[in-house]
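Heads up, the thing below is written out as structure tokens.
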Amino acid sequence: MPLKVTSTNRPSAFLAMAVLSATRELEAEGADVIHLEVGQPSTPPPAAVSDALTASLTTTATHGYSLAFGEMPLRKRIAGHYDEFYGHSVPADRIVITPGSSLGFALAFLAAFDRGDRIAITTPGYPAYRNLMVSLGIEPVLMPARADEGWVPSLKALAESGEPLPDGILLASPANPTGVVMNDEAVREVCDWCHQNGVRLIMDEIYHGLTFGRKTATALAFSDSVIVVNSFSKYFCMTGWRVGWAIFPDDLLETVERLAQNLYIGPPKPMQAGALAAFDDYAGLKVNVDRYQENRDVLVTTLPPEFLGDMAPCEGAFYLYADISGLSGGGVDSVELADAMLRQIHVACTPGLDFDQEQGRNHLRLSFAGSTAHMKEASRRINDWLPKFLADH
Ligand SMILES: Cc1ncc(COP(=O)(O)O)c(C=O)c1O
630 MPLKVTSTNR
640 PSAFLAMAVL
650 SATRELEAEG
660 ADVIHLEVGQ
670 PSTPPPAAVS
680 DALTASLTTT
690 ATHGYSLAFG
700 EMPLRKRIAG
710 HYDEFYGHSV
720 PADRIVITPG
730 SSLGFALAFL
740 AAFDRGDRIA
750 ITTPGYPAYR
760 NLMVSLGIEP
770 VLMPARADEG
780 WVPSLKALAE
790 SGEPLPDGIL
800 LASPANPTGV
810 VMNDEAVREV
820 CDWCHQNGVR
830 LIMDEIYHGL
840 TFGRKTATAL
850 AFSDSVIVVN
860 SFSKYFCMTG
870 WRVGWAIFPD
880 DLLETVERLA
890 QNLYIGPPKP
900 MQAGALAAFD
910 DYAGLKVNVD
920 RYQENRDVLV
930 TTLPPEFLGD
940 MAPCEGAFYL
950 YADISGLSGG
960 GVDSVELADA
970 MLRQIHVACT
980 PGLDFDQEQG
990 RNHLRLSFAG
1000 STAHMKEASR
1010 RINDWLPKFL
1020 ADH
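Residues 630 to 1022 (my numbering) make up the sequence shown, in order.
Structure follows, in structure tokens:
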């Protein structure tokens, strides 16, 4: 007799991963693929991070379980980062080290919400929010955002939708896939609105540090009840290390600790020893941010305007969300376009369907986390190829 497999808690497929496996197959055949699909830095973390990890492996200190909230030296070092980077003090005992920010979201959803609760998220947005919520029996409430409104969703529209207010709101700034950065006043307004309406706010700050020509305040500066999720993956170039952190308000700490103990016992100890050294080279990390900014400028100024379409300015993270709806009078689908680009000119990018199940066929996400030489070469290939593709289409 067939065994039961869940049908209600199943997350939808992740197209980016399908692109990645097609890319791997082509590379195995010797193709020179340019990666505009992956949302990860192409450069390593600061050298001191790897040195600290290596040194920690030769001691017995990193062999056992970590405490559920992680090791205090790292939690204190992150508190120091908030002082240095934002000029804002956060008590180390509210800082929870997580195995990537992904587990930070799981803790937040489980600790602050019940099955049947509703959390508003932006669409287009990072697909794991929606998928994880569905798996946990939480209902995602989609807040549509539009390029001509800077891809920032409207709380007014949410309040006037005629539906009950959601139990929570989750926002990311800088955002994936649009690269849009909320200004500090807008973050303050969301914090105030959530506070006044009894709505729990989760801010995804994992692309903090990756902003071009401006700094961003943390939502912690405006709210004591916000849950802030962050990570070593992006700014610190440590995607594969799987270390992140989240800052929880006092009322959730006890539940979060029990959840962490039962979900993963504690975050990996050697990775925490490495991460402790990540904050000592802000100047080195700034070189990456300058490169991303240059890469963005290369793509924005050299790609065909009809390929980029009606795109809001990207001021952070490392993504452009191209609007291809004007191509060939609107007859081009982003899944088809991404597939043709990968197979014919070996440029990989992600169809927007991952980020927006309704409008995503009109968009492509281009990651510019690679080298500037690769951005120039990708643009050259697209410029040479697009007229032929459209003529044959
Ligand atoms: C907006 C956003 N949040 C969270 C994550 C998860 O990151 P990690 O688990 O590596 O910290 C990602 C990864 O791409 C992301 O784009």
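The beta-carbon is built from N, C-alpha and C at its ideal position, and this holds for glycine as well.
This structure is a prediction, so every number in the text was calculated from the model and none was measured.
Problem - Length of the line joining the Cα atoms of residue 665 and residue 809 - result: Locating residue 665 in the sequence shown gives position 36, where the first residue counts as 1. Locating residue 809 in the sequence shown gives position 180, where the first residue counts as 1. Distance between the alpha carbons of residue 665 and residue 809 is about 18 Å.
Practice task
Assign residue 832 to buried or exposed, taking buried as 16 or more other Cβ atoms, counted over all protein chains shown, within 10 Å of its Cβ.
Solution key: Taking the sequence shown and counting its residues from 1, the one referred to as residue 832 is at position 203. By the neighbour-count rule (16 or more Cβ atoms within 10 Å), residue 832 is buried.
Practice task
List the endpoints of the continuous alpha helix (DSSP H) containing residue 787.
Solution key: For the purposes of this step, residue 787 is identified with residue 158 of the sequence shown, where counting begins at 1. Note, residue 787: alpha helix (DSSP H), 784-788.
Problem - Any 3 or more C-beta pairs closer than 8 Å across the stretch 876-890 and the stretch 907-924 - result: no
Exercise for the section: May I have the straight-line CA-CA distance separating residue 743 from residue 1007, to the nearest angstrom? Expected result: Walking along the sequence shown from the start, residue 743 turns up at place 114. Walking along the sequence shown from the start, residue 1007 turns up at place 378. Whole-angstrom Cα-Cα distance: 46 Å.
Problem - residue 837 (DSSP reduced to helix, strand or coil) - result: The count along the sequence shown starts at 1 and reaches residue 837 at position 208. DSSP places residue 837 in coil when its eight states are reduced to three.
Handout entry: With 16 other Cβ atoms within 10 Å as the buried cut-off, status of residue 633
Key = To locate residue 633, count along the sequence shown from 1; it is residue 4. With fewer than 16 other Cβ atoms within 10 Å, it is exposed.
Practice task
Return yes when the Cβ of residue 927 is within less than 7 Å of the Cβ of residue 1005, no when it is not.
Solution key: As a working note, residue 1005 is residue 376 in the sequence shown. As a working note, residue 927 is residue 298 in the sequence shown. A contact, by the Cβ cut-off of 7 Å.
Exercise for the section: Compute every distance between the C-beta of residue 985 and the non-hydrogen atoms of ligand 1, then say whether any falls below 6 Å. Expected result: On the sequence shown, position 356 is the one that residue 985 refers to. No - ligand 1 has no heavy atom lying nearer than 6 Å to the Cβ of residue 985.
Practice task
Could you tell me which of 713, 889 and 798 sits nearest to residue 746, measuring between CA atoms?
Solution key: Taking the first residue of the sequence shown as position 1, residue 746 is located at position 117. Ranking the options by Cα distance to residue 746, first place goes to 798.
Handout entry: Distance between residue 871 and residue 690 (C-alpha atoms, nearest Å)
Key = Taking the sequence shown and counting its residues from 1, one reaches residue 690 at position 61. Taking the sequence shown and counting its residues from 1, one reaches residue 871 at position 242. Spanning the two alpha carbons is a distance of roughly 19 Å.
Exercise for the section: Check whether the Cβ atoms of residue 924 and residue 997 sit closer than 7 Å, and answer yes or no. Expected result: Walking along the sequence shown from the start, residue 924 turns up at place 295. Walking along the sequence shown from the start, residue 997 turns up at place 368. For residue 924 and residue 997, yes; Cβs fall inside 7 Å.
Exercise for the section: With DSSP as the reference, label residue 797 as helix, strand or coil. Expected result: Taking the sequence shown and counting its residues from 1, the one referred to as residue 797 is at position 168. It is a strand residue.
Exercise for the section: With a threshold of 6 Å, establish whether the CB of residue 801 neighbours any heavy atom of ligand 1. Expected result: Residue numbering aside, residue 801 sits at position 172 when the sequence shown is read from its first letter. Yes; taking the cut-off as 6 Å, the Cβ of residue 801 has a heavy atom of ligand 1 nearer than that.
Problem - Nearest neighbour of residue 687, chosen from 902, 945 and 920 [CA to CA] - result: Sequence index remark: in the sequence shown, residue 687 carries index 58 (1-based). Checked all of 902, 945 and 920; the closest Cα to residue 687 is 902.
Practice task
Taking residue 648 as the reference, give the member of 966, 986, 759 and 987 with the closest Cα.
Solution key: If you number the sequence shown from 1, residue 648 lands on position 19. Nearest option by C-alpha distance: 966.
Exercise for the section: Confirm the yes/no value for this check: CB of residue 835, any heavy atom of ligand 1, distance under 6 Å. Expected result: For the purposes of this step, residue 835 is identified with residue 206 of the sequence shown, where counting begins at 1. The answer is yes for residue 835.
Exercise for the section: Tell me residue 874's beta-bridge partners as DSSP assigns them. Expected result: One-based indexing of the sequence shown puts residue 874 at position 245. According to DSSP, which records beta bridges pairwise, residue 874 is partnered with 726 and 859.
Practice task
Rounded to whole angstroms, what's the CA-CA distance from residue 918 to residue 645? Just pull it up for me.
Solution key: Against the sequence shown, residue 918 aligns to sequence position 289. Against the sequence shown, residue 645 aligns to sequence position 16. Computed Cα separation, rounded: 24 Å.
Problem - Segments assigned beta strand (DSSP E), at least 3 residues, entirely inside the stretch 888-929 - result: none
Exercise for the section: Return the Cβ separation of residue 993 and residue 963 in integer angstroms, given the expectation that the two are a contact with Cβ distance under 8 Å. Expected result: The residue labelled residue 993 in the question sits at position 364 within the sequence shown. The residue labelled residue 963 in the question sits at position 334 within the sequence shown. Indeed, because the Cβ distance is near 5 Å, the residues count as touching under 8 Å.
Exercise for the section: State the Cα-Cα distance for the pair residue 973 and residue 782, rounded to the nearest angstrom. Expected result: Within the sequence shown, the letter at position 344 stands for residue 973. Within the sequence shown, the letter at position 153 stands for residue 782. Cα to Cα, the separation comes out at about 36 Å.
Handout entry: Cβ neighbour criterion (16 or more within 10 Å) applied to residue 916
Key = The residue you call residue 916 lines up with position 287 of the sequence shown. Exposed is the call here.
Exercise for the section: Report, in whole angstroms, the separation of the C-beta atoms of residue 772 and residue 787, which I expect to be a contact under 8 Å. Expected result: If you number the sequence shown from 1, residue 772 lands on position 143. If you number the sequence shown from 1, residue 787 lands on position 158. About 6 Å separates the two Cβ atoms, so the contact holds.
Handout entry: Residues of its chain near residue 936, where Cβ-Cβ distance is below 8 Å and the 5 sequence neighbours each way are ignored
Key = One-based indexing of the sequence shown puts residue 936 at position 307. If we look at residue 936 and ignore the five residues flanking it on each side, its Cβ neighbours are 951, 953, 956, 1011 and 1015.
Exercise for the section: Compute the distance between the beta-carbons of residue 707 and residue 874, then report whether it is under 7 Å. Expected result: What you label residue 707 is simply residue 78 of the sequence shown in a count that begins at 1. What you label residue 874 is simply residue 245 of the sequence shown in a count that begins at 1. Yes.
Exercise for the section: May I have the straight-line CA-CA distance separating residue 845 from residue 857, to the nearest angstrom? Expected result: Walking along the sequence shown from the start, residue 845 turns up at place 216. Walking along the sequence shown from the start, residue 857 turns up at place 228. Those two C-alpha atoms are separated by around 14 Å.
Problem - Exposure of residue 867, with buried meaning 16 or more beta-carbon neighbours within 10 Å - result: Locating residue 867 in the sequence shown gives position 238, counting from the first residue. Looking at its Cβ environment, which holds 16 or more other Cβ atoms inside 10 Å, residue 867 is buried.
Practice task
Inspect the beta-carbon positions of residue 876 and residue 723 and report whether they are closer than 7 Å.
Solution key: Position 247 of the sequence shown holds residue 876. Position 94 of the sequence shown holds residue 723. Contact: yes.
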